[in-house]
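Novice: Have a look at this one before I ask anything.
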Amino acid sequence: MHFIKKNIIISLVVFIIGMSAVAGIVCSINNEQNKQNRTMANLNAMTYAERMKTDIMKGIGVSDTLRQIIISDDGQLNKFYEIAEEMMTDSVQSIQIAPGGVVTDIYPQEGNDAGKIDLLNDKNRGEICRYGRDNKVVTMQGPFQLKQGEYGIAVRKPVYIEENGHEDFWGFTIVIIRVPEIFADSMKALSDFGYNYTLYKTAFPWESEFEEVYGSEEELKNPVSYTFDIGDSKWKLDIMPYKTQSERIYLYAVGIGGIIIVLLLTGFTCALLVLDEHRKKFKKLAITDALTGINNRHGYDEKVTRYLKQNPDNHCVGVEFDIDDFKTINDMYGHAYGDVALKVLSEGMQKFFDKNVLLGRNGGDEFCIFLPDCTCADVKEKLEEFTKLKRSFKYEGEEYQFTISVGYAEYPVHADKPSKLMRCADTALYEVKLRGKNGCMAYKNGLRKDIRTQLGFALKDVSENLPGAFIIYKADKNDDEILFANREFIRFAGCKNMDELLVYTKRSFRNIIRVDEREAVIADIWKQIDEGHTNGYTHFYMQKADGGHIQVFDHGRIVENGRYGRVIYALITNLETVRENYGNSECNN
């Protein structure tokens with residue numbers, strides 16, 4: 078790592094002005110990606126600012142060449158238009174001479190006649206032109222709108238003729254360069270590399286305030302700046318990346334082939350640092366759960382195994398737990414909110430347990446905890462407290478609570494290996510599930526390790542294969558909303574799917590009962606409930622969606638549900654089938 082930093086510093090020393098600022102960014106590049114991007118931006122600011130300076134100097138070079146011709150001809154320039162025509166480029170709007178400070182000749186003449194003015198006494202140009210004359214420096218003024226509708230910068234170079242050992246002011250050679258054409262290639266390169274930019278210059282050589290010359294449309298926030306001088310004017314280039322710098326950007330930079338050798342070397346060095354950072358990230362990802370940020374099962378097992386290998390005689394506790402009815406959360410609110418519940422649980426774990434406690438996620442809604450240097454008796458109260466914590470997530474502005482079930486086991490009392498320890502904890506967890514969920518239990522010898530098989534049938538498997546139609550609806554006299562119906566019930570009702578059933582019944586259980594006996598059947602159901610019966614029996618004609626009906630036998634049970642309050646689970650069977658198998662007497666009781 079020191080070797081990489083040393084090479085970056087060497088590259089920056091050679092090519093970056095303001096080494097102290099850049100070195101600080103480079104020294105922290107391995108730990109902070111945003112500083113790495115800023116380092117790359119500094120390099121590009123310097124490189125492209127110098128390229129823009131070179132582009133502008135080409136325009137200045139035209140005025141300097143014209144000056145040399147005037148001096149060599151002792152102030153005479155008889156073939157100005159021929160000379161100017163040879164000097165014209167795409168980025169030059171016009172070439173002018175101003176003997177004595179008064180513009181007399183302009184090439185091309187067409188469209189530029191209005192430019193023939195007395196520069197030294199002009200209201201807008203006089204002060205800066207007199208400054209250039211008196212200080213013998215090139216002055217630059219603009220950008221200003223040209224008559225042709227474009228923008229330009231005036232480059233004025235004072236000319237002095239030596240006579241008898243004394244220099245006399247002859248006038249100015251002037252070049253009007255177009256912006257942004259003069260540095261269009263540099264600006265395009267900055268955009269291609271993913272930067273927003275703004276180029277500034279001082280309005281007057283004696284001022285420090287900058288004015289904008291040209292820039293991209295986006296506002297720059299906390300940009301990287303590079304300052305350079307052209308004549309007596311100061312220029313500044315601000316750039317800011319609008320997309321993350323990466324190896325892809327570096328390879329693209331190599332492809333365009335326009336970057337100088339040292340910048341290429343610097344980019345390659347930075348790419349190595351990016352790869353090293355990615356290597357560390359991949360190593361961390363291999364043992365970290367992406368959703369919650371805690372250990373995944375691989376990382377958890379690796380750390381538990383290492384600890385027990387180093388401390389084989391220490392008593393420790395392994396914990397397995399999961400979210401009760403997690404599948405229901407996913408089905409009702411969507412997997413995104415299931416992920417929210419997992420994050421809520423993970424954050425609660427990290428706040429509740431000490432730093433020396435190892436936390437992990439097995440996958441799905443299953444989590445594991447390893448508590449070192451303790452026994453089941455030591456952690457019993459703490460784990461029960463953890464189990465009872467209130468947990469909730471928000472869905473459409475409302476809070477929805479969820480619970481967990483916890484099982485735990487002790488090393489080496491219940492198991493002498495990490496894998497066996499977690500299997501014992503898992504067995505205790507599913508014993509809690511069988512006893513009603515939302516509980517906490519320690520493993521005991523004799524618990525059945527095949528207990529998972531009792532929970533291996535999903536709600537859909539069970540409900541769709543019951544020997545009859547099955548429905549769940551609210552136990553409310555005024556609101557008997559249908560909450561669930563299996564496929565057999567939907568078929569009994571003459572519907573194709575659940576949505577069609579809900580539309581047909583208007584979500585109400587009473588609407589499946591034939592109209593002429595509806596009130597009597599509902600009254601009979603509630604009579605049994607009011608008399609304290611948890612199980613009730615009735616029969617009625619079920620009204621089908623196609624207008625027909627079928628006589629059914631209804632066996633219902635009223636229960637308390639944590640989410641919906643009192644609900645009725647009802648098994649609906651064809652009464653004719655029941656009579657065929659059990660006789661009329663039993664069905665009419």
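Numbers in this note's numbering are just positions in the sequence shown, counted from 1, shifted up by 77. Ideal placement from N, C-alpha and C gives every residue a C-beta, glycine not left out.
#1: Give the DSSP-derived three-state secondary structure of residue 318 in the structure shown.
#2: State whether the segment 364–376 contacts the segment 415–425, with contact taken as three or more CB pairs (one from each stretch) at a distance under 8 Å.
#3: For residue 38 and residue 476, I'd like the C-alpha separation in whole angstroms.
#4: Quick check on residue 520: does DSSP put it in helix, strand or coil?
#5: Taking all protein chains shown into account, do 16 or more other C-beta atoms lie within 10 angstroms of the C-beta of residue 271, making it buried, or fewer, making it exposed?
#6: So, for residue 152: in the same chain, excluding its five sequence neighbours on each side, which residues have a beta-carbon less than 7 Å away from its beta-carbon?
#7: Quick one: give me the first and last residue of the beta strand (DSSP E) that residue 186 is part of.
#8: Leaving out five residues before and five after residue 613 in sequence, what residues of the same chain have Cβ atoms less than 7 Å from its Cβ?
#9: Which residues in the same chain have their Cβ closer than 6 Å to the Cβ of residue 232, if we skip the five residues on either side of it in sequence?
#10: Evaluate the contact criterion for the segment 573–583 versus the segment 551–562: three or more CB pairs, one atom per stretch, below 8 Å.
#11: I want to know whether the segment 510–522 touches the segment 441–451 - three or more CB-CB distances under 8 Å.
#12: Once DSSP output is grouped into helix, strand and coil, what is the label at residue 42?
#13: Quick one, which of 400, 212 and 262 has its alpha-carbon nearest residue 168's?
#14: Comparing C-alpha positions only, which one of 635, 595 and 583 sits nearest to residue 608?
#15: For residue 547 and residue 566, what's the separation of their Cα atoms in angstroms?
#16: Go ahead and pull the three-state DSSP assignment for residue 607.
#17: If you reduce the DSSP assignment to three classes, tell me which class residue 558 lands in.
#18: Could you check the C-alpha separation between residue 298 and residue 274 for me, to the nearest Å?
#19: For residue 170 versus residue 255, is the C-beta distance shorter than 7 Å?
#20: What are the partner residues of residue 575, as DSSP defines its beta bridges?
#21: As an exercise, report each continuous alpha helix (DSSP H) stretch of at least 4 residues that is fully enclosed by the segment 261–312, in chain order.
#22: Residue 294: which of 317, 284 and 304 sits nearest, CA to CA?
#23: In terms of alpha-carbon separation, which member of 264, 281 and 414 lies closest to residue 474?
#24: What are the start and end residues of the alpha helix (DSSP H) that includes residue 207?
#25: Identify the residues that DSSP records as bridge partners of residue 570: which are they?
#26: Less than 7 Å between the beta carbons of residue 655 and residue 617, yes or no?
#27: Between which residues of its own chain and residue 195 is the CB-CB distance below 6 Å, once the five residues before and five after are set aside?
#28: For residue 383, is the classification buried or exposed, using 16 other Cβ atoms within 10 angstroms of its Cβ as the cut-off for buried?
#29: Work out the CA separation of residue 313 and residue 120 for me, nearest whole Å.
#30: Thinking C-alpha only, which one of 400, 164 and 123 is nearest residue 478?
#31: Following the continuous beta strand (DSSP E) through residue 646, name the residue where it begins and the one where it ends.
#32: For residue 175, which of helix, strand or coil comes out of DSSP?
#33: Roughly how many whole angstroms lie between the Cα atoms of residue 621 and residue 554?
#34: Give every residue of the same chain whose Cβ lies closer than 6 Å to the Cβ of residue 430, excluding the five residues on either side of it in the sequence, and list them in chain order.
#35: Closest to residue 463 by CA distance: which of 454, 472, 428 and 439 is it?
#36: When burial is assigned at 16 or more other CB atoms within 10 Å of the CB, is residue 285 buried or exposed?
Specialist: Taking the geometry as given:
#1: strand
#2: yes
#3: Absent from the model: residue 38. The displayed extent of the chain is 78 to 666, so no value can be given.
#4: coil
#5: buried
#6: 238 and 247
#7: Segment: none, residue 186 is in no beta strand (DSSP E) and carries neither H nor E.
#8: 602, 605, 606 and 633
#9: 136, 137, 140, 217 and 252
#10: yes
#11: no
#12: Any answer about residue 42 is impossible in this case: the structure gives the chain only from 78 up to 666.
#13: 262
#14: 635
#15: 6 Å
#16: helix
#17: strand
#18: 11 Å
#19: yes
#20: Residue 575 pairs with nothing; no bridge assigned.
#21: 261–269
#22: 317
#23: 414
#24: 203–212
#25: None; residue 570 has no bridge partner.
#26: no
#27: 179
#28: exposed
#29: 14 Å
#30: 400
#31: 642–651
#32: strand
#33: 22 Å
#34: none
#35: 428
#36: exposed
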